[in-house]
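Chains as they are written, first to last, in the working numbering: chain P, 161 to 674; chain H, -1 to 396. Note that beta-carbon positions come from the ideal geometry of N, C-alpha and C, so glycine has one too. To start, the structure under review is shown below, and the notes come after it.
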Amino acid sequence: MTERYDAIIVGAGHNGLVCSALLAKAGKRVLVLEARDQVGGAAITRSFADGYSVSACAHLLYQLQPKVVKDLGLKLEYASRNMETIGLSPDGQHVRFSGDRVTGVDDADTTSYKAFHKRMTRFADLLLPYMNQAPARLANFGSGDIVRLAKFGLDIRMLGKTEMQEFIRLIGINIYDELVEHFGNPLLKGVLSVDAVLGTHLGPRSPNTILTYLYRLCGNHGNVASPTGGMSSVTEALAHAARDNGTTIRTGMPVKRIVVENGRAAGVETESGETFSSWLVVSNADPKSTIMDLVTPRHVEAGFTRRVRNIRMRGNAAKLHLALDGLPTIEGLDKKDFGQRMVVAPDENYVEWAFNPAKYGEFSKDPVLEVTFPTFRDPSLAPTGKHVLSAIVQFAPYELKGGWTNDARDEFTKTAIAKLAEYAPDIADRVTATELLTPPDIEKEFRITGGHWHHGELTLDQFLFCRPVGGAAQYAMPLDGLYLCGAGAHPGGGVSGAAGRNAARMILSREKAA
Amino acid sequence: MSIQEVQQDRKKSPFYSRQSELDRLNQWHEWKGYSSADAFYSSELEYFAIRNSTGVFDLTPMTKYRIDGPDALDYIDRLVTRDMRKIKPGRVAYAVWCDDQGQVIDDGTVFHLTEGEYRLCSQERHMDWLMASAIGFDVNIEDETADIAGLAVQGPTSYSILNKLGLDGLENLMFFGLMQFDFEGTELMVSRTGYTGDLGYELWIESSGAEALWDALFTAGKDFGIMAIGTSALEQARIEAGYLAAYEDFLPSLETVRTGRSRSPFELGLGWLVDFKKPNFNGRRALAEEKRRGSTWRLVKLDLEGNKPANHSYIFVKKYGRYSQVGFVTSAAWSPVCKQNIAIGTVKMPYGAVGDTLWVEVYYQREMHWSRLMANAKVVDKPFWDPERRLVTPPGPY
């Protein structure tokens, strides 16, 4: 006799935890099964060298949805909030971003940035409510869908004639053109380009990179925070919220398959052979592994299977962790600046050129970096006096020509450190240990197909009602009793919790309607 | 662009050499890249060969896929709506397959050749869909259209001809069964299937043996009124048998652009092929939903008054003396053998229940002038032509 639950969540990523907490809050008996020994999925803190810990995949918090925080009554501790973003310049002429202010550029750019930021945050605010609800259905829609679509249309219209035209003009285009039109300072354009393409297989000249930029601004207007204790503190807080509501969370329990009986989800079987029954299985795994590996295509339909298989989700961002025996020196930065977010992207073309080789299966010889020193505000992550550098390094294609051999890995690590050394000449001497997570490593460690942290490229054809695929964008998969609650579902990745919350709400509202 | 670059030569079936010798009319059309004859002598004559002696139709352009591998059964069972577990080796199944929306992609026949080995035959090509369906299954799918030549041997004397050809044991072959024979060292597969609604067989052989088979068949059939037939005669016969044709009575759903232009199995009168006892098959969810909510369309077989074929006609119901349009005719013919004016059509639900009276607006032309009449039409459920000999085993000699 297997144990029966009202709902089983596959994976204790942040979305799975949000979803479980909300389902449990609604009175359900919920079981969360996590493959790793700790909860959090790609939002965890773990050791990477003796005595050194780091937020292993996601390392900054900028999208956590206020609605999630409110619904679950989360109280998070931050090592730093409203972090500045510093665009690094080798000569110390850095460009600093904070809210709608930018310094280190001329007056024209300062003014332009204010206007740009105002417009972008306004558009992001317009999108925000739609990120926090299931997308409307375009075919076979019910009255609720018509209302939502009409409301969306009205919201756009209410921007006023000029802004509406701007919104419609911008939503599908690339950020490069827009940046070149408005700004003069190369470094400023470089940093904004990075914000638009971080974590994606896109360059600033790729279509819909305005959309990815807006996506980043949804919720907190792009304000970056770093939680005390790293990302695990966020997911631990979510796990506490889930447990407080009665959720059972079991770690070290990788799910082998989702059990399908008579054409509906009926529970899960773990790799150790234990089975758990439930008529409601919610997968926090990405759509590809959920359908292809856990459910297997024979239990769903061919057209759907083909669409899922064709989801574009090849990661192109690597994560670099360095253990340092002290902070490096960077020309023109004070010590306190090491608590901020730093970006290496001298100009907009640099970012595009960094992307180019990735299209052909090569990593960037001159990569883009997003760098933080989490230990600066949170010394608990490293031995006393020592530091950790955590960086996202782009671009590093999932399918590297010749594969990610140890040599390739070493070479890319060296490339990244050499790039850092252009800004912090003494960094190489400070490094005592390194870890590089390439997309295949991310795939393996975090069980994300393709190592793409959004669980699917954020492009217009995989967005809103097309996410993860058309006909399955309402969190319910075309298999009774199976839902998706991870980043592969609307709205997408980033530590936001929106997908998990939306999924839980969809499940509960469907139940109410039934 | 030069002619070489275009490269669109029509393929010739391995029977072409024999067919072109018989051909008097030089009327050919294209069928999936092959030349296929409309008729060789006269479509009327060929039609009467089907009904009174035996007509031989070249099936080679028919799409033929070989499906095997460890998951072959599971694969086909998920592909089509009916329960393929019930189709044992040596049996053939008529089947439809649907897209995820439960709309018919095509109909065809699945031959269970030997344990775990299948052949799927249909009018249209479907490799793209079959490959999509194969994701997650350990199966091999091979297009053997060009490798296997096919002949439909259809009509009351067909058994006698094949018997004379020396196919021992054919008398035991049941309707929708298949048997393998040796023909001059080549394997010859014979299935008791067809598209005419009469006693008949389909012969399948490797292309290299095609001409020899044709020659032997026509020699054996000499005294039994054997005749090569073209598509026109076959079309007439299939309407009498009440069989559907893709692109006439329904559109393959993957080819439709507008919503509502495709049809579900229920809407084509093929609900009997849908087995909801199977936990999963393509289109199941949508079809279960349709079953619950009711279908939009219904396929009807119509017995019309008069003798003017009702091709391309609107179908009406008469309410309070007024006609309102409820559908249209998709196939129509005057049936010489039934002495009936027959049609297949599609009407909106709930119209067109068996026994209902509908009205069909028939246009016809006499010496350039068009005329119109409203023909009374009765909805029937049985095929228009369904002789006892179609099913009798052993088939009687003629």
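What residues are listed by DSSP as bridge partners for residue i?
i        : result
Cys401/H : The question about residue 401/H has no answer, for chain H in this structure spans -1 to 396.
Gly427/P : Val419/P and Ser437/P
Gln259/H : The residue you asked about is not Gln; residue 259/H is Arg in the sequence shown. None, per the DSSP bridge assignment.
Lys479/P : Ile552/P and Leu597/P
Ile139/H : Ile65/H
Phe326/H : Tyr312/H and Thr344/H
Met187/H : Gln178/H and Trp202/H
With 16 other CB atoms within 10 Å as the buried threshold, where does residue i fall?
i        : result
Gln323/H : exposed
Gln178/H : exposed
Lys316/H : exposed
Met161/P : Confidence at Met161/P is low in this model, with a pLDDT of 49, below 50, so the placement of that residue is unreliable and no value is reported for it.
Leu20/H  : exposed
Lys62/H  : buried
Tyr32/H  : buried
Arg282/H : buried
Val352/H : exposed
Leu620/P : exposed
Gln225/P : buried
Ser207/P : exposed
Ala230/P : It should be pointed out that residue 230/P corresponds to Lys in this sequence rather than to Ala. Answer is exposed; the Cβ neighbour count stays below 16.
Ile451/P : buried
Gln325/P : exposed
Trp95/H  : buried
Thr257/H : exposed
Gly654/P : buried
Arg370/H : exposed
Ile203/H : buried
Applying a beta-carbon distance threshold of less than 8 Å, which residues of chain H neighbour residue i?
i        : result
Pro447/P : Here the premise fails: no neighbours, minimum Cβ distance about 14 Å.
Pro638/P : Asp98 and Arg283
Given that residue i touches chain P, what residues does it touch there, using C-beta distances under 7 Å?
i        : result
Pro277/H : Asn422 and Gly423
Arg259/H : Within 7 Å Cβ-Cβ: nothing; Arg259/H doesn't reach chain P, min ~14 Å.
Arg76/H  : Arg458
Asp97/H  : Gly463
So residue i contacts chain P; which residues on that side make the cut at Cβ distance below 8 Å?
i        : result
Ala130/H : Ala462, Gly463, Thr465 and Arg466
Arg404/H : Since the first residue of chain H shown is -1 and the last is 396, residue 404/H is not available in this structure.
Asp72/H  : Arg458
Nearest to residue i by CA position, among the options, is which residue?
i        : options                                   : result
Leu160/H : Ile224/H, Asp97/H, Gly292/H and Glu209/H  : Ile224/H
Ala144/H : Thr229/H, Trp29/H and Pro395/H            : Trp29/H
Gly259/P : Ile331/P, Val455/P, Tyr222/P and Thr408/P : Tyr222/P
Glu42/H  : His27/H, Ala93/H, Leu232/H and Arg364/H   : Leu232/H
Phe327/P : Asp231/P, His481/P and Thr281/P           : Thr281/P
Asp476/P : Leu493/P, Glu603/P and Thr535/P           : The sequence given here has Asn at residue 476/P, not Asp. Ranking Leu493/P, Glu603/P and Thr535/P by Cα distance to Asn476/P puts Glu603/P first.
Leu529/P : Leu493/P, Arg569/P, Asp485/P and Tyr583/P : Tyr583/P
Glu128/P : Leu191/P, Leu480/P, Lys496/P and Arg424/P : Chain P is shown only over 161 to 674; residue 128/P falls outside these bounds and no answer can be derived.
Gly652/P : Tyr643/P, Pro628/P and Met666/P           : Pro628/P
Lys561/P : Ala542/P, Asp589/P, Arg537/P and Phe523/P : Phe523/P
Glu559/P : Arg474/P, Val428/P and Ile587/P           : Arg474/P
In chain H, which residues lie less than 9 Å from residue i when you measure between Cβ atoms?
i        : result
Thr456/P : Gly134
Met452/P : Ile133 and Gly134
Just to make sure I have the definition right: I need the residues of chain H whose C-beta is within less than 7 Å of the C-beta of residue i. Which are they?
i        : result
Arg469/P : Ile133
What is the C-beta distance between residue i and residue j, in whole angstroms, given that I count them as a contact (C-beta under 8 Å)?
i        : j        : result
Asn175/P : Cys626/P : About 19 Å; that fails the 8 Å criterion.
Leu186/H : Leu201/H : 6 Å
Ser311/H : Ala243/H : Going by Cβ atoms, the distance from Ser311/H to Ala243/H rounds to 17 Å, so no, they are not a contact pair.
Pro367/P : Asn334/P : 6 Å
Thr245/P : Val394/P : That pair is no contact at about 20 Å.
Asp97/H  : Gly463/P : 6 Å
Ile74/H  : Val108/H : 6 Å
Against residue i, what residues of chain P qualify as contacts under a CB-to-CB distance less than 9 Å, listed in chain order?
i        : result
Arg282/H : Gly423 and Glu461
Can you tell me whether residue i sits near the ligand MG, meaning its C-beta is under 6 Å from at least one heavy atom of the ligand?
i        : result
Lys519/P : With respect to the ligand MG, the structure shown offers nothing to examine, as it has no ligands at all.
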